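A.B. asks:
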Amino acid sequence: MSDIIKLLPDHVANQIAAGEVVQRPASVVKELLENAIDAGATTIKLVVKDAGRTLIQVIDDGKGMSPTDARLSFERHATSKIIAADDLFALSTKGFRGEALASIAAVAHVDLKTKPEDEEVGTRIEIEGSTIKNQEVCAAPKGTSIAVKNLFFNIPARRNFLKSDAVELRHVIDEFQRVALAHEAIAFVLYHNDSELFNLPKTNKRQRIVGVFGPKTNEKLVPVSEETEIVNIDGFIIKPEFSKKTKGEQFFFVNDRFIKHPYLNHSVSAAFDGLLPDRARASYFIYLKVNPKTIDINIHPTKTEVKFEDEQAIYTLLRAAVKHSLGQFNIAPILDFNRESNMDTPYSYKNKEAQVPKVEVDRHFNPFEQEQKVKTSGFSSAPTYEKKSAAGWENLYAGLDRKNDTSNFSHVEIENEPEAESLFVEQESKGFSEAKETESDSANTYQLHNKYIVSAIKSGMMLIDQSRAHQRVLYEEFLRNITVKESVSQQLLFPLRLDFSASEIDILKELKDSLENTGFALSMPEAGVLEVSGIPASIQESEVSIVLEQLLSDVEQEVPDTGFSQTDVLAKSMAKSMAVKTGEKLDELSREHLVNKLFACTEPTLSPFLKKTFITLTIDELDRKFNA
C-alpha cells in the first residue's frame, strides 16, 4: 500500500493559518497595532485606504528590528514574546504565537521598513504571497512601518466575500477603538482615504473614552474602582438613563487586552437590576488587572476569549463594585425613605475635622436709610391717572331688542344639533336585545389575548398575528416611500438632540437620504450630535431614539452590501421598531384597518422576516376536532 500522508508546503500551510488569523482587513489592523504596542511605541499611526482592501499601514516609533529579526519575523512560529511553554501562563505581551505576520504575508503584498535606534540605516523587505521579493538597506526613522497592500490578492473567493467599504471600515474602527481604549498612554491617529478620523493624544482613561466616543460621553460616566487580592477593578459605567437597546458600548479589558466574556457581562447586568429601562442593556468600560498566571489566553486565534482561574469570585467582586459605585454616586435609589441623601458626608471629606463657621457683620448697614429716602421723596414720582369716559360706548349695544329678552336660551339654535339629537334618539329607540344584535353583527374581528386578531371568513376562521401583520404593512410602506421618495413628515416644535458615537454618526450619514425619504428631517450641527426636526407621521416623538438605536444595531448585524440591501435593512428595522407589539389592545376600527392593509400588501402571508402572518382554520378542520 502506497503512502498517502504528506507534509504540506509552507505557503499552503500559511494560507490555511491565514484563514483563522486574517478574516478581514480589521484582523490585519488588530495584529499590526498589537505588534506596535509590544515594540514599546509611544505614537502609532494607522493609514487605511478603501477600508483596507488597497492599503493598511501601521507606523510606530518603537524599538525597531535588526535585519535578521526583520527577515525571521515572517516565518511561522517565530516570535520574541515567549521561549518556553510555561511563558504562556505569564504573558505580558499582546502576541505570542508567531503566526500573524506569516499569515498576513501569505495573502497580501507586504512592505516592511524598520530601524533600531542605535543603527544608522534601516532594513526594507518586500514580500508577495510568502515569497520574499527584495531585501535591502534603506533610510528610515526609528521604529517600524509595515504596509499591507492588495489583501487576499491570491484568494479571490475570500476577497469576494468582503462586505462593502462602509461595513469593513466600521470593523476597522471597532478594532482601532478597542486597542486605543486599552492603552491611553499611547497616542493614536487613524487616517482613511487621506481623511483624519481619530487623533487621540496621550491622556487618562476618562479622556480617552471621551476622545473616542465624543464630548457628550463625559457626563454619562460613573467611576468604578475596587482593589482586592484576586482582581483590581477600574473603569466606568454608563448611567442607566443613557443606556441603549444595543450592546455597542460594552468593553471588558483584562491586563490591557480586550475580551468578550458573557459571564462577566451578566455580572454587570445583575448590578443594574431594576435600574435599566425595558430591554435596555448596561454600558460600561471595565478594566481588570489579574495575575497572568490565573488566566488562560491561548484559547482562540483572535485572543478575545479567556479563562479565569476563579470566575465566580471575579463575578461576585465585579457585581459588588458596580453596585457600590451606583450607590456611592446616588444612581441607585435608597431603601430608607426617611434618610436624606443630601446630608451624607462625601468620601473626600469623611476624615476632615469640622470647622466653626465664621459670622461676618456689616456694622455700617442701616436698614432704614432707604425707607427714609422714599418718604422724603413724596408722591411726585407716582403716576397719575385720569378718569375719562369712553366716547361711543352706546354703539356696543346697538341692535339689541331688550323687550324680547326673556333670559331663556331655549330658542337658541345650534348648528350641529340635529345630527347629535338623531344619534341619541336612534339609540334610545332600540331595545337592549336589538342593540346588542346590531353590535355583534358589525364586529367582524376579535382580539385574542391581545396578540391575535380573529376574523371570520367564508371557509372558516383566520388568526392573524397582529405584530407580524403590522410589520409587513409598515415594511412595504417604508420601501415604497424610500424608492418613490414621497413620504409624510411631521415637523417638531422643538428639535430633538441625540448623542451618538463617531462610528454611529458615520452609519447615520450613509442612511441620511433613505431616512429622509421615510419622513425624518435630520441635521448634524456638531460632532457626535444628531438633530431631528421632523419625524414620520406614524411614529411618536418619544420613540425616535428607540427606532434609531434599533436601526444602528440591525445595520451592524446584517452588514448590507448594496444600496438595495441597505434600503431593505432600513425598512425592516423601522417596521420592527414601530409595529404594534404583542400585548397591545386594539379597538375594532384599528383591527379592521390592519386586516385590510395587510391583504392590500403584495406579500400578505409572510412578515419581512419570513414568518407567517396568519393561519386559517376551515370548518372541516373544526368539525374534525369536535368529532375526534
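Every letter in the sequence shown is one number past the one before it in the working numbering, and letter 6, counting from 1, is 920. Ideal placement from N, C-alpha and C gives every residue a C-beta, glycine not left out. In this text the structure is predicted, and so the values were computed from the model without any measurement.
List the DSSP bridge partners of Tyr-1366.
C.D. replies: Its beta-bridge partners are Leu-1362 and Asp-1379.
A.B. asks: Look up Asp-1148 in the DSSP assignment and give the residues it is bridged to.
C.D. replies: DSSP, once it has assigned bridges, lists Ser-1139 and Tyr-1201 as partnering Asp-1148.
A.B. asks: Closer than 7 Å by C-beta to Gly-1128: which residues in its own chain qualify, once you throw out the five before and the five after it? Chain order, please.
C.D. replies: Correct list, in chain order: Asp-1413, Ser-1415, Ala-1416, Ala-1441 and Gly-1442.
A.B. asks: In whole angstroms, what is the alpha-carbon distance linking Phe-1067 and Ala-1022?
C.D. replies: Approximately 6 Å, taken between the alpha carbons.
A.B. asks: Ends of the beta strand (DSSP E) at Thr-1028?
C.D. replies: Note, Thr-1028: beta strand (DSSP E), 1023-1029.
A.B. asks: Rounded to a whole number of angstroms, what is the C-alpha to C-alpha distance between Ala-1099 and Asn-1118?
C.D. replies: Using only the alpha carbons, I get a separation of about 7 Å.
A.B. asks: What would DSSP say about Pro-1154, mapped onto helix, strand or coil?
C.D. replies: Correct three-state label for Pro-1154: helix.
A.B. asks: Within a Cβ cutoff of 6 Å, which residues of the same chain sit near Ser-1059, ignoring the five residues on either side of it in sequence?
C.D. replies: If we look at Ser-1059 and ignore the five residues flanking it on each side, its Cβ neighbours are Ile-973 and Lys-1027.
A.B. asks: Taking the beta strand (DSSP E) that Ser-1428 falls in, what are its first and last residues?
C.D. replies: Per DSSP, Ser-1428 belongs to no beta strand (DSSP E); it is in the alpha helix (DSSP H), 1416-1432.
A.B. asks: Can you confirm whether the region 1043-1052 touches the region 1073-1092 when touching is taken to mean that 3 or more C-beta pairs between the two stretches lie within less than 8 Å?
C.D. replies: Because the criterion of three Cβ pairs below 8 Å is not met, the region 1073-1092 and the region 1043-1052 do not touch.
A.B. asks: Within 8 Å, do at least three Cβ pairs link the region 1174-1188 to the region 1216-1236?
C.D. replies: Output reads yes: the region 1174-1188 touches the region 1216-1236.
A.B. asks: With a 10 Å radius around its C-beta and 16 neighbouring C-beta atoms as the bar for buried, classify Thr-1516 as buried or exposed.
C.D. replies: By the 10 Å Cβ count, Thr-1516 comes out exposed.
A.B. asks: Whose C-beta lies closer than 6 Å to the C-beta of Leu-1015 among residues of the same chain, with five residues either side of it excluded?
C.D. replies: Once the five neighbours on either side are set aside, the close Cβ partners of Leu-1015 are Ser-987 and Phe-988.
A.B. asks: Distance check for Leu-1410 and Lys-1423, CA to CA, integer angstroms please.
C.D. replies: Lys-1423 and Leu-1410: Cα-Cα distance of roughly 17 Å.
A.B. asks: DSSP puts Ile-1532 in a beta bridge; with which residues?
C.D. replies: The sequence given here has Thr at residue 1532, not Ile. Looking at the DSSP assignment, Thr-1532 forms a beta bridge with Gly-1374.
A.B. asks: His-1106 lies in the beta strand (DSSP E); which residues open and close that run?
C.D. replies: Unbroken beta strand (DSSP E) run through His-1106: 1101-1106.
A.B. asks: When DSSP labels each residue in this structure, what does Ser-1295 get in the three-state scheme?
C.D. replies: Residue confidence for Ser-1295 is low, a pLDDT of 47 falling below 50, so the modelled location carries little weight; the figure read from the coordinates is stated next. In the structure shown, Ser-1295 sits in coil (DSSP, three-state: anything other than H, G, I, E or B).
A.B. asks: Using beta-carbon positions only, say whether Glu-1445 and Ser-1437 come within less than 7 Å of one another.
C.D. replies: Yes, these two residues count as a Cβ contact at 7 Å.
A.B. asks: Assign Arg-1601 to one of three DSSP states: helix, strand, or coil.
C.D. replies: Outside the displayed range of the chain (915 to 1542) lies residue 1601, so it cannot be described from this structure.
A.B. asks: With distances taken Cα to Cα, identify the nearest neighbour of Ser-1020 among Ala-940, Val-926 and Ala-1101.
C.D. replies: Ser is not the amino acid found at residue 1020; the sequence shown has Ala there. Ranking Ala-940, Val-926 and Ala-1101 by Cα distance to Ala-1020 puts Val-926 first.
A.B. asks: Spell out whether any CB of chain C is found under 7 Å from the CB atom of Glu-1155.
C.D. replies: Here there is only one protein chain, and chain C is not present.
A.B. asks: Kindly indicate the opening and closing residues of the alpha helix (DSSP H) around Pro-1409.
C.D. replies: Per DSSP, Pro-1409 belongs to no alpha helix (DSSP H); it is in the beta strand (DSSP E), 1403-1413.
A.B. asks: With Tyr-1366 and Asp-1379 assumed to form a contact (beta carbons below 8 Å), what rounded beta-carbon distance in angstroms separates them?
C.D. replies: Confirmed, about 6 Å.
A.B. asks: Could you tell me the distance, in whole angstroms, from the CA atom of Ala-1489 to the CA atom of Arg-1386?
C.D. replies: Going by the C-alpha atoms only, they are around 7 Å apart.
A.B. asks: What is the rounded straight-line gap between the Cα of Val-871 and the Cα of Leu-1462?
C.D. replies: What the structure shows of the chain is the stretch from 915 to 1542, and residue 871 is not part of that stretch, so it cannot be assessed.
A.B. asks: How is Phe-1165 classed by DSSP in three states: helix, strand or coil?
C.D. replies: Residue state, collapsed to three classes: strand.
A.B. asks: Spatial neighbours of Gly-1477 within its chain, please: CB distance less than 8 Å, with the 5 preceding and 5 following residues excluded, ordered by chain position.
C.D. replies: Because the pLDDT at Gly-1477 is just 48, under 50, the model does not fix this residue reliably, and the value given afterwards should be weighed accordingly. Excluding residues within five positions, none has a Cβ falling inside 8 Å.
A.B. asks: So, is Leu-922 buried or exposed, given that buried needs 16 or more other C-beta atoms within 10 angstroms?
C.D. replies: Exposed, because fewer than 16 other Cβ atoms sit within 10 Å of the Cβ of Leu-922.
A.B. asks: Output the boundary residues of the alpha helix (DSSP H) element that contains Gln-1269.
C.D. replies: Per DSSP, Gln-1269 belongs to no alpha helix (DSSP H) and is neither H nor E.
A.B. asks: Any idea which residues DSSP pairs Asp-1210 with across the strands?
C.D. replies: Paired residue(s): Lys-1221.
A.B. asks: Please tell me whether Lys-1134 and Ile-1152 are closer than 7 Å, where the distance is taken between their beta carbons.
C.D. replies: Going by C-beta atoms, Lys-1134 is nearer than 7 Å to Ile-1152.
A.B. asks: Under DSSP, the alpha helix (DSSP H) around Thr-982 begins and ends at which residues?
C.D. replies: Here the alpha helix (DSSP H) through Thr-982 covers 981-986.
A.B. asks: Please go through the same chain and pick out, in chain order, the residues whose beta-carbon is closer than 6 Å to the beta-carbon of Glu-1333, but skip the five residues on each side of it.
C.D. replies: Note that Glu-1333 scores a pLDDT of 47, beneath 50, so its modelled location is shaky; the value from the coordinates is reported in the next line. Hits under 6 Å: none found.
A.B. asks: Return the Cβ separation of Val-942 and Val-1035 in integer angstroms, given the expectation that the two are a contact with Cβ distance under 8 Å.
C.D. replies: With a Cβ gap of about 27 Å, Val-942 and Val-1035 do not count as contacting.
A.B. asks: Buried or exposed: Gln-1480, going by 16 or more other Cβ atoms within 10 Å of its Cβ?
C.D. replies: Counting Cβ neighbours within 10 Å, Gln-1480 comes out buried, since at least 16 surround it.
A.B. asks: Going by alpha carbons, who is nearest to Gln-1242 out of Ile-1421, Val-1136 and Ser-1487?
C.D. replies: Among Ile-1421, Val-1136 and Ser-1487, the Cα nearest to that of Gln-1242 belongs to Val-1136.
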